[in-house]
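Here the structure comes first, spelled out in structure tokens, and everything after it is commentary.
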Amino acid sequence: MTDHGTGTHGAVRTDAPAADGPLVELRGAGKSYGNIRALHGVDLTVRANRVTCVLGDNGAGKSTLIKIISGLHQHTEGEFLVDGRPVRFGSPRDALAKGIATVYQDLATVPLMPVWRNFFLGSELTRGPWPVRRLDIAGMKATADRELRDMGIVLDDLEQPIGTLSGGQRQCVAIARAVHFGARVLILDEPTAALGVKQSGVVLKYIAAARERGLGVIFITHNPHHAFMVGDHFSVLRLGTLELSADRGEVSLDELTNHMAGGAELAALKHELAQVSGVDVAGLPEAGDLTAPVATSPEGNT
Ligand SMILES: Nc1ncnc2c1ncn2[C@@H]1O[C@H](COP(=O)(O)OP(=O)(O)OP(=O)(O)O)[C@@H](O)[C@H]1O
Ligand SMILES: [Mg+2]
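Now the structure itself:
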């Protein structure tokens, strides 16, 4: 499914979907904060029906990258295109108008309000003509219920305060909300960072569900395993530049992990740890192991 229907409930979307080209594209994009160069020369392509993973260590520039795309910051070098046209957003509202929605880790929810109220927060449905216009509570509940179910999210009770849901469930509600309000591009900033294994799995499932709904997903994470489970493309940032940009199939999980870990740095760390008494480094891999090609087949042919 590529065409995702136009403006079904579209409070956000104003543009028709791009034909088949990238939804979002960065070409040699960069960002300096004063004289700190946080990002430099980054190429990134986001397409419908694909999960583009952005990986990198702390300070690698991941947040800076998504802040450009989500309209929080402007790039200071290179190009930023949406639907093939150069853009420069003044605020997140501009990004939203192009169908680019961001789910931040500290979800903007009101913990004591019911799930359905949070689903419509800031975009409440109303009914009846002015001046007797009222909140369409039944409509909002029914829609929230349907949308969550459509994404395969089953909650016992939409009346429960959203604060009582687990972190993973709240991420899922936020994903369903973005889908409902017509997002074409969904940016998730470390949605699994604070979650345990099981809950991370649930969130990964809905990342895949968002892709099936035709969205282009940008999934920011520290975790190569999580990225590898759902990713179609992997971009690894290191000190503000792209260290790796590879499609699924061009890279193995081991290689991805190695790029994330920085083989040489791990070797140095192992060396340092070896000096500390009480730390057993015997079981840790050597730098050579980390940089060795993965899955070497025994039958060498020449
Ligand atoms: N507003 C700012 N002003 C000055 N420097 C900044 C600002 N925001 C980020 N930086 C710097 O830019 C670099 C990249 O930061 P960024 O937050 O994009 O990294 P990150 O990959 O998201 O890291 P983390 O995993 O810790 O969230 C860092 O060196 C950071 O100190
Ligand atoms: Mg960050």
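Residues in the sequence shown are numbered from 1 upward in steps of one, following the UniProt record's numbering.
Where a beta carbon is used, it is the ideal one built from N, C-alpha and C, also for glycine.
Quick caveat: nothing in here was measured; it's all calculated off a predicted structure.
**Study point:** Nearest-angstrom Cα separation, counted from Leu195 out to Pro86
**Key:** 37 Å
Check your understanding: ligand 1 heavy atoms versus the CB of Asn58: any closer than 7 Å?
Key -> yes
Check your understanding: Is any heavy atom of ligand 1 found at a distance shorter than 7 Å from the C-beta of Ile137?
Key -> no
Practice item. Using 7 Å as the cut-off, classify the Cβ of Thr76 as near or not near the heavy atoms of ligand 1, replying yes or no. Key: no
Practice item. Have a look at Val276 and Ala261 and give me their C-alpha separation to the nearest angstrom. Key: 21 Å
Review point. Which runs of the beta strand (DSSP E) fall wholly inside the region 72 to 112 and span at least 3 residues, in chain order?
Key: 77 to 82, 100 to 103
Review point. Which same chain residues, not among the five before or five after Leu188, have their C-beta less than 6 Å away from its C-beta?
Key: Val103, Phe219
Review point. For ligand 2, any of its heavy atoms closer than 7 Å to the Cβ of Lys62?
Key: yes
Exercise for review: Have a look at the DSSP bridge pairing and note the partners of Ile187.
Suggested key: Thr102, Ile218
Check your understanding: Any chance the CB of Ile36 is under 7 Å from a heavy atom of ligand 1?
Key -> yes
**Study point:** Supposed contact pair Ser166 and Gln199 - C-beta distance, whole angstroms, cut 8 Å
**Key:** 6 Å
Practice item. Determine the DSSP secondary structure at Thr52, reduced to helix, strand or coil. Key: strand
Review point. Between the C-alpha atoms of Ser32 and Gly41, what's the straight-line distance to the nearest angstrom?
Key: 12 Å
Exercise for review: Measure from the alpha carbon of Gly139 to the alpha carbon of each residue in Ile153, Pro129, Phe120, then state which is nearest.
Suggested key: Phe120
Practice item. Quick one: measure Cβ to Cβ for Lys67 and Leu237, integer angstroms, because I've assumed they're closer than 8 Å. Key: Rounded, the Cβ-Cβ distance is 13 Å, inconsistent with contact.
Check your understanding: What is the DSSP secondary structure of Pro161, counted as helix, strand or coil?
Key -> strand
Check your understanding: With distances taken between CB atoms, is the gap from Ile175 to Ala210 smaller than 8 Å?
Key -> yes
Review point. If you draw a straight line from the alpha carbon of Val51 to that of Val115, how long is it in whole angstroms?
Key: 27 Å
Check your understanding: Exposed or buried, what is Gln160 when buried is set at 16 or more other beta-carbons lying within 10 Å of its beta-carbon?
Key -> exposed
**Study point:** Residues that DSSP places opposite Val42 in a beta bridge
**Key:** Ala29
Review point. Does DSSP classify Ala193 as helix, strand or coil?
Key: coil
Check your understanding: According to the Cβ coordinates, are Gly99 and Arg184 closer than 8 Å?
Key -> yes
Exercise for review: Kindly indicate the opening and closing residues of the alpha helix (DSSP H) around Arg238.
Suggested key: Premise fails: Arg238 lies in the beta strand (DSSP E), 233 to 238, not in any alpha helix (DSSP H).
Review point. Can you find a heavy atom of ligand 1 that lies under 7 Å from the Cβ of Tyr33?
Key: yes
Check your understanding: Rounded to a whole number of angstroms, what is the C-alpha to C-alpha distance between Gly34 and Leu269?
Key -> 32 Å
Check your understanding: By how many angstroms is the C-alpha of Ala29 removed from the C-alpha of Ala38?
Key -> 11 Å
Review point. Taking the Cβ atom as the reference point for each residue, do Leu44 and Asp83 lie within a distance shorter than 8 Å?
Key: no
Practice item. Measure from the alpha carbon of Gly163 to the alpha carbon of each residue in Val110, Pro92, Arg127, then state which is nearest. Key: Val110
Check your understanding: Can you name, in chain order, every residue of its own chain whose Cβ lies under 7 Å from the Cβ of Met113, other than the five neighbours on each side?
Key -> Pro161, Ile162
Exercise for review: Check each candidate in Leu186, His222, Arg177, Val230 and name the one with the smallest Cα separation from Gly201.
Suggested key: Val230
Practice item. Put residue 303 into one of helix, strand or coil per three-state DSSP. Key: Because the chain here runs from 1 to 302, residue 303 falls outside it and cannot be looked at.
Exercise for review: Decide if Thr126 is buried, meaning its Cβ has at least 16 other Cβ atoms within 10 Å, or exposed.
Suggested key: exposed
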